[in-house]
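Asker: Residue numbers (the working numbering), protein chains in the order written: chain R, 2 to 247; chain A, 2 to 247.
Protein chains: 2
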Amino acid sequence: MHLDFTSEQRFDDGVLERRFTLSGIPGILWTPDAAGPAPLILICPPPLGLGTVYPRLAGRARHYASRYGFACATIELPGSGERPRWAEADRARADLRRAMEAGEAAGPGLVDALILPLVERSVPEWRAALDALLALEGIGGPAGYEGGVISIGVRLAAVEPRIAAANLFAGSLVPASILEEARKVAIPLHVLLQWDDEGNPRQASLDLFDAFGSREKTLHANMGGHTGVPAYELDAGARFFARHLG
Amino acid sequence: MHLDFTSEQRFDDGVLERRFTLSGIPGILWTPDAAGPAPLILICPPPLGLGTVYPRLAGRARHYASRYGFACATIELPGSGERPRWAEADRARADLRRAMEAGEAAGPGLVDALILPLVERSVPEWRAALDALLALEGIGGPAGYEGGVISIGVRLAAVEPRIAAANLFAGSLVPASILEEARKVAIPLHVLLQWDDEGNPRQASLDLFDAFGSREKTLHANMGGHTGVPAYELDAGARFFARHLG
Numbered sequence: 002m003h004l005d006f007t008s009e010q011r012f013d014d015g016v017l018e019r020r021f022t023l024s025g026i027p028g029i030l031w032t033p034d035a036a037g038p039a040p041l042i043l044i045c046p047p048p049l050g051l052g053t054v055y056p057r058l059a060g061r062a063r064h065y066a067s068r069y070g071f072a073c074a075t076i077e078l079p080g081s082g083e084r085p086r087w088a089e090a091d092r093a094r095a096d097l098r099r100a101m102e103a104g105e106a107a108g109p110g111l112v113d114a115l116i117l118p119l120v121e122r123s124v125p126e127w128r129a130a131l132d133a134l135l136a137l138e139g140i141g142g143p144a145g146y147e148g149g150v151i152s153i154g155v156r157l158a159a160v161e162p163r164i165a166a167a168n169l170f171a172g173s174l175v176p177a178s179i180l181e182e183a184r185k186v187a188i189p190l191h192v193l194l195q196w197d198d199e200g201n202p203r204q205a206s207l208d209l210f211d212a213f214g215s216r217e218k219t220l221h222a223n224m225g226g227h228t229g230v231p232a233y234e235l236d237a238g239a240r241f242f243a244r245h246l247g
Numbered sequence: 002m003h004l005d006f007t008s009e010q011r012f013d014d015g016v017l018e019r020r021f022t023l024s025g026i027p028g029i030l031w032t033p034d035a036a037g038p039a040p041l042i043l044i045c046p047p048p049l050g051l052g053t054v055y056p057r058l059a060g061r062a063r064h065y066a067s068r069y070g071f072a073c074a075t076i077e078l079p080g081s082g083e084r085p086r087w088a089e090a091d092r093a094r095a096d097l098r099r100a101m102e103a104g105e106a107a108g109p110g111l112v113d114a115l116i117l118p119l120v121e122r123s124v125p126e127w128r129a130a131l132d133a134l135l136a137l138e139g140i141g142g143p144a145g146y147e148g149g150v151i152s153i154g155v156r157l158a159a160v161e162p163r164i165a166a167a168n169l170f171a172g173s174l175v176p177a178s179i180l181e182e183a184r185k186v187a188i189p190l191h192v193l194l195q196w197d198d199e200g201n202p203r204q205a206s207l208d209l210f211d212a213f214g215s216r217e218k219t220l221h222a223n224m225g226g227h228t229g230v231p232a233y234e235l236d237a238g239a240r241f242f243a244r245h246l247g
């Protein structure tokens with residue numbers, strides 16, 4: 002896949018933000034104002050479209066780049082933003098909405114139909130993004146991963162040897178097959194959990210944390226709902242990566 | 002109760018360590034090399050005697066004092082070190098040891114007999130230590146608390162308004178009555194949990210974390226057994242106090 006830069010902007014904090022497309026997939030790269038290769042952190046967005054989540058993502062990325070010297074990059078998930086939707090995912094999302102409105106729990110079939118196709122489609126794209134980004138001047142390994150749809154992070158951490166550490170947000174439903182894949186993950190993990198996440202059963206997240214095969218894994222649980230992650234966790238994540246992406 | 006200094010030592014990092022007795026109870030105070038009143042952190046030792054745990058305690062205290070400008074103090078727990086033992090506690094400890102060697106779980110009666118008298122005796126001593134320490138020149142409020150026997154921290158956080166934040170180690174059994182007291186705790190909390198703590202059921206610690214009434218509470222769970230808290234948690238604790246003891 003081919004990476005083309007489409008625009009760039011330099012901020013007061015010295016961070017250079019460049020929009021790109023990766024064979025048609027929109028993405029953003031933030032690099033620090035520093036010499037020498039910067040370790041790369043892939044930031045997976047929630048599936049709401051980069052336009053919607055840009056302020057949050059850019060805030061994280063610029064903190065990481067300006068204070069810690071990391072390069073950060075994100076790409077749009079399949080089916081989000083301007084990318085083509087696909088019927089299967091739309092149907093699963095509608096079914097999930099109906100179940101939640103009816104006060105029913107999302108059954109395992111529904112979770113699988115919603116999450117597994119997203120994992121299948123997106124993980125090869127993140128690996129292609131790694132190929133393209135690590136080939137750029139000023140960016141070096143090892144790479145970290147952080148983000149939103151935790152099942153994508155589990156699969157990527159299990160199959161991609163260039164990911165050396167991952168900061169995962171336990172804020173979405175996890176198919177049973179992904180829980181099994183978690184046992185194969187061996188890299189250092191930092192897992193965020195919102196104690197009262199509305200759509201996300203706490204015990205399932207604790208079971209996922211328990212399942213990870215990593216010798217070093219830390220769970221940070223905080224009060225509040227899905228969107229209530231405290232501001233101080235931003236720097237805790239940065240310090241986790243600073244320990245592992247030397 | 003009356004505080005008398007018995008010896009002092011200044012370290013390379015500028016920290017002044019002073020041994021004292023508080024109406025006969027041995028204690029240690031570490032203060033930073035800085036002008037102006039330093040916020041105070043009480044560090045409760047595990048019940049193994051200050052002589053045994055000194056290296057660990059002094060390491061924490063000097064990190065807090067030299068890097069963050071906190072004053073830190075500890076006192077010997079009742080029944081530990083050179084302090085008089087009491088028959089009731091010795092009997093409970095022996096019963097607990099027998100139960101564990103027989104592979105039995107410690108029943109609630111045993112937990113109560115072991116923990117509640119320690120809470121009853123030690124909390125007034127920590128409050129007296131606060132009186133004496135906050136009256137010293139160079140030490141100001143608000144105060145923080147951290148330490149080992151978590152039930153002592155729960156009671157102290159529930160009843161002592163001068164404690165503004167607490168960093169608690171969920172590494173000991175908790176009587177049901179203390180679990181109830183946890184609901185009254187309202188101050189910001191930072192709770193450490195070792196995921197595979199041998200003598201300490203994980204679910205009981207998660208239940209305790211859940212029970213705390215505090216609006217701001219964070220759980221940091223790490224891999225390993227009781228004594229395996231990772232070194233990076235030292236600074237995470239310091240940063241928690243830095244947010245709350247301004």
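Even glycine gets a Cβ: it sits at the ideal position worked out from N, Cα and C.
1) Are Glu199 (chain R) and His227 (chain R) close, meaning C-beta to C-beta below 9 angstroms?
2) Run through chain A and tell me which residues come within less than 8 angstroms of Tyr65 (chain R), C-beta to C-beta.
3) Can you tell me which of R:Gly142, R:Leu157 and R:Ala212 puts its alpha carbon nearest to the alpha carbon of His245 (chain R)?
4) With C-beta atoms as the reference, is Ile116 (chain R) less than 9 angstroms away from Val186 (chain R)?
5) Mind checking if Trp196 (chain R) is an interface residue toward chain A, Cβ cutoff 9 angstroms exclusive?
6) Is any beta-carbon of chain A found at less than 9 angstroms from that of Leu1 (chain R)?
7) For Ala249 (chain A), does the count of other Cβ atoms within 10 angstroms reach 16, so buried, or fall short, so exposed?
8) Please give me, in chain order, every unbroken run of the beta strand (DSSP E) with length at least 3 that falls completely inside the region 124–203 of chain R.
9) With 16 other CB atoms within 10 Å as the buried threshold, where does Arg92 (chain R) fall?
10) If I follow the unbroken beta strand (DSSP E) through His245 (chain R), where does it start and stop?
11) Under 9 angstroms between the Cβ atoms of Leu169 (chain A) and Glu138 (chain A)?
12) Just list the residues that DSSP pairs Leu42 (chain R) with in beta bridges.
13) For Arg244 (chain R), return the contacting residues in chain C, with the cut-off set at a CB-CB distance below 9 angstroms.
14) Report all residues from its chain with a CB closer than 7 angstroms to the CB of Leu157 (chain R); omit the five preceding and five following residues, and keep chain order.
15) Per DSSP, Arg89 (chain A) is paired with what?
16) With the cut-off set at 9 angstroms, would you say Leu235 (chain R) and Leu194 (chain R) are in Cβ contact?
17) Cβ of Trp31 (chain A) within 9 angstroms of Cβ of Ala74 (chain A)?
18) Using a Cβ cut-off of 7 angstroms, pull out every chain R residue sitting near Lys218 (chain A), in sequence order please.
19) Determine the extent of the beta strand (DSSP E) in which His221 (chain A) is found, giving its start and end residues.
20) List, in order along the chain, the chain R residues whose C-beta lies closer than 8 angstroms to that of His191 (chain A)?
21) Is Ile153 (chain R) near Glu77 (chain R), with beta carbons less than 9 angstroms apart?
22) Under 8 angstroms by Cβ, that's how I've got Ala133 (chain R) and Leu23 (chain R) pegged, so tell me the actual separation to the nearest angstrom.
23) Which residues mark the beginning and the end of the beta strand (DSSP E) in which Leu23 (chain A) is found?
24) Keeping to the same chain, check which residues put their C-beta closer than 8 angstroms to that of Val230 (chain R); ignore five residues upstream and five downstream.
25) Relative to the C-alpha of Glu121 (chain A), which candidate in A:Pro79, A:Pro85 and A:Met2 has its C-alpha closest?
26) DSSP puts Thr53 (chain R) in a beta bridge; with which residues?
27) For Pro48 (chain R), does the three-state DSSP call read helix, strand or coil?
28) Could you give the first and the last residue of the continuous beta strand (DSSP E) run that contains Arg84 (chain A)?
29) Tell me whether Ala215 (chain A) is buried or exposed, calling it buried when 16 or more other Cβ atoms sit within 10 Å of its Cβ.
30) Is it buried or exposed for Leu1 (chain A), if we count other Cβ within 10 angstroms and need 16 for buried?
31) Please compile the residues from chain A whose C-beta is within a distance smaller than 7 angstroms of the C-beta of His227 (chain R).
32) With DSSP collapsed to three states, give me the class of Leu78 (chain R).
33) What does DSSP give as the partner residues of Asp5 (chain A) in its beta bridges?
34) Return helix, strand or coil for Pro60 (chain R), following the three-state DSSP convention.
35) Using C-beta distances below 8 angstroms, list every residue in its chain close to Phe241 (chain R), excluding the 5 sequence neighbours before and after it, in chain order.
Answerer: By the coordinates alone:
1) Contact: yes.
2) Going along chain A, no residue has its Cβ under 8 angstroms from Tyr65 (chain R), so there is no contact; the nearest lies around 17 angstroms.
3) In terms of CA proximity to His245 (chain R), R:Gly142 leads the group R:Gly142, R:Leu157 and R:Ala212.
4) No; because the gap between Cβ atoms is not below 9 angstroms, this pair is not in contact.
5) Yes - at least one Cβ of chain A is within 9 angstroms of the one on Trp196 (chain R).
6) Summary: the structure shown does not reach residue 1 (chain R), with chain R confined to residues 2 through 247, and so no result is reported for it.
7) As shown, chain A starts at 2 and ends at 247. That puts residue 249 (chain A) outside it, with no answer to give.
8) Entirely contained in the region 124–203 of chain R, the beta strand (DSSP E) runs reaching 3 residues are, in chain order, 140–148, 164–170 and 190–195.
9) Exposure of Arg92 (chain R) is indicated by the presence of fewer than 16 other C-beta atoms within 10 angstroms of its C-beta.
10) Per DSSP, His245 (chain R) lies in no beta strand (DSSP E); the unbroken alpha helix (DSSP H) holding it starts and ends at Tyr233 to His245.
11) Not a contact, by the Cβ cut-off of 9 angstroms.
12) In the sequence on display, residue 42 (chain R) carries Ile and not Leu. Note: Ile42 (chain R) sits in a beta bridge opposite R:Cys73 and R:Gly145.
13) The chain labelled as chain C is not found among the protein chains of the depicted structure, namely R and A.
14) Val124, Trp127, Tyr146 and Ile164, listed in sequence order.
15) According to the sequence as given, residue 89 (chain A) is Glu; it is not Arg. Listed as beta-bridge partners of Glu89 (chain A) by DSSP are no residues whatsoever.
16) No, Cβ-Cβ distance for Leu235 (chain R) and Leu194 (chain R) is not below 9 angstroms.
17) Cβ atoms of Trp31 (chain A) and Ala74 (chain A): closer than 9 angstroms.
18) Those are Met224, listed as they occur along chain R.
19) Annotation for His221 (chain A): the continuous beta strand (DSSP E) segment containing it runs Lys218 to Asn223.
20) Within chain R, no residue comes near His191 (chain A); the closest Cβ sits about 10 angstroms away, beyond 8 angstroms.
21) At least 9 angstroms separates the beta-carbon of Ile153 (chain R) from that of Glu77 (chain R).
22) The beta-carbon distance between Ala133 (chain R) and Leu23 (chain R), rounded to whole angstroms, is 6 angstroms. This is short enough to meet the 8 angstroms contact definition.
23) Element bounds for Leu23 (chain A): Leu17 to Leu23.
24) Closer than 8 angstroms at Cβ, skipping near neighbours: Phe170, Leu193, Gln195 and Asn223.
25) Nearest option by C-alpha distance: A:Pro79.
26) Answer is none; Thr53 (chain R) lacks a bridge partner.
27) Here Pro48 (chain R) carries a coil assignment [DSSP, helix/strand/coil].
28) For Arg84 (chain A), there is no enclosing beta strand (DSSP E), as DSSP marks it with neither H nor E.
29) In the sequence on display, residue 215 (chain A) carries Ser and not Ala. Counting C-beta atoms within 10 angstroms of its own C-beta, Ser215 (chain A) has 16 or more neighbours from the protein chains shown and is therefore classed as buried.
30) Look at the range of chain A in this structure, 2 to 247, and you will see that residue 1 (chain A) is not part of it.
31) By Cβ distance, chain A contributes nothing, its closest Cβ being about 17 angstroms from His227 (chain R), past 7 angstroms.
32) In the three-state scheme derived from DSSP, where H, G and I count as helix and E and B as strand, Leu78 (chain R) is classed as coil.
33) Among the bridge pairs identified by DSSP, Asp5 (chain A) is matched with A:Thr22.
34) The sequence shown places Gly at residue 60 (chain R), not Pro. In this structure, Gly60 (chain R) counts as helix in the three-state DSSP scheme.
35) Around Phe241 (chain R): Ala166, Asn168, Pro189, His191 and Thr219.
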